[in-house]
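One structure below.
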Amino acid sequence: MVRGNADRRRELAQQRKEDQKQEALRKKEGASAATFEEVRARLLNDAKKSNQSCKELIAWIGVQDEESTVEVCVSYVRFGSCEKKRCKYKHEFTLCHLEGIDGMNIEYPPTMTKVKPVGLAEVPAASKRVYNRTIRTHVREQSAVVFVEWGGILVYDYLNPLVFVRYVESQSRPLVLDDMKDSEQEAPEDPEHPGSKDQTL
Numbered sequence: 001m002v003r004g005n006a007d008r009r010r011e012l013a014q015q016r017k018e019d020q021k022q023e024a025l026r027k028k029e030g031a032s033a034a035t036f037e038e039v040r041a042r043l044l045n046d047a048k049k050s051n052q053s054c055k056e057l058i059a060w061i062g063v064q065d066e067e068s069t070v071e072v073c074v075s076y077v078r079f080g081s082c083e084k085k086r087c088k089y090k091h092e093f094t095l096c097h098l099e100g101i102d103g104m105n106i107e108y109p110p111t112m113t114k115v116k117p118v119g120l121a122e123v124p125a126a127s128k129r130v131y132n133r134t135i136r137t138h139v140r141e142q143s144a145v146v147f148v149e150w151g152g153i154l155v156y157d158y159l160n161p162l163v164f165v166r167y168v169e170s171q172s173r174p175l176v177l178d179d180m181k182d183s184e185q186e187a188p189e190d191p192e193h194p195g196s197k198d199q200t201l
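Using this note's numbering, read the sequence shown as starting at 1 and increasing by one per residue.
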């Protein structure tokens, strides 16, 4: 038997309630569960409070052009070397000079996309939001930022949340995720679907 609209609305309402519960739990985890939007807000805010130029905050962002399909050797990017004698992936650049990029015993995939440096302040606070008609809520695409460095030190790694945790622990101010919001980059609410919850994919 086909379910009616009322059943579907109840199902979606329950799903949104569960999403809100999971979001509340995520925020309680602190820096280890911070989204890129929250990381960006904290870093720019710290630079401003310490009277340092935001230009020193460099984001390494995935290249979005015809070269974006080039597979780069992760080992060479992180360590400046590769154990494979005939590695089939590109050895075009390395960030091994950055303090903290060595990985801290974290396993990584063998390849990554090409990246380029841009100022962190130039990177949108969050990725584009798209309305998903199936679940009737907004979802946010994953940020293209791979790394963030500050003064030669890695402070954000898209695959290793411990990098940002280590940064926060080095500061005297703990991270409160509810405070890490950057409204200037928020997309307007969809007038056809008011009140829909924004989720991160």
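The beta-carbon is built from N, C-alpha and C at its ideal position, and this holds for glycine as well.
Strand pairing of residue i, partner residues [DSSP]
i: residue 108; result: None; residue 108 has no bridge partner.
i: residue 147; result: 60, 157
i: residue 99; result: 153
i: residue 119; result: 58
i: residue 72; result: 90, 112
Where residue i sits in the DSSP three-state scheme
i: residue 162; result: helix
i: residue 85; result: coil
i: residue 54; result: helix
i: residue 49; result: helix
i: residue 168; result: helix
i: residue 39; result: helix
i: residue 17; result: helix
i: residue 180; result: Residue confidence for residue 180 is low, a pLDDT of 49 falling below 50, so the modelled location carries little weight; the figure read from the coordinates is stated next. Of the three classes helix, strand and coil, the one that applies to residue 180 here is coil, per DSSP.
i: residue 133; result: coil
Integer Cβ distance of residue i from residue j, believed to fall under 8 Å
i: residue 73; j: residue 111; result: 7 Å
i: residue 156; j: residue 148; result: 4 Å
i: residue 152; j: residue 57; result: The Cβ separation is near 12 Å, so there is no contact.
i: residue 71; j: residue 90; result: 7 Å
i: residue 163; j: residue 62; result: About 17 Å; that fails the 8 Å criterion.
i: residue 76; j: residue 159; result: Actually they do not touch by this definition, with Cβ atoms about 16 Å apart.
i: residue 42; j: residue 125; result: So it is not a contact: roughly 12 Å between Cβ atoms.
i: residue 123; j: residue 60; result: Not quite, the Cβ-Cβ distance comes to about 10 Å (not below 8 Å), so this is no contact.
Residue environment, residue i, which counts as buried when at least 16 other CB atoms sit within 10 Å
i: residue 8; result: exposed
i: residue 37; result: buried
i: residue 143; result: buried
i: residue 133; result: exposed
i: residue 114; result: buried
i: residue 10; result: exposed
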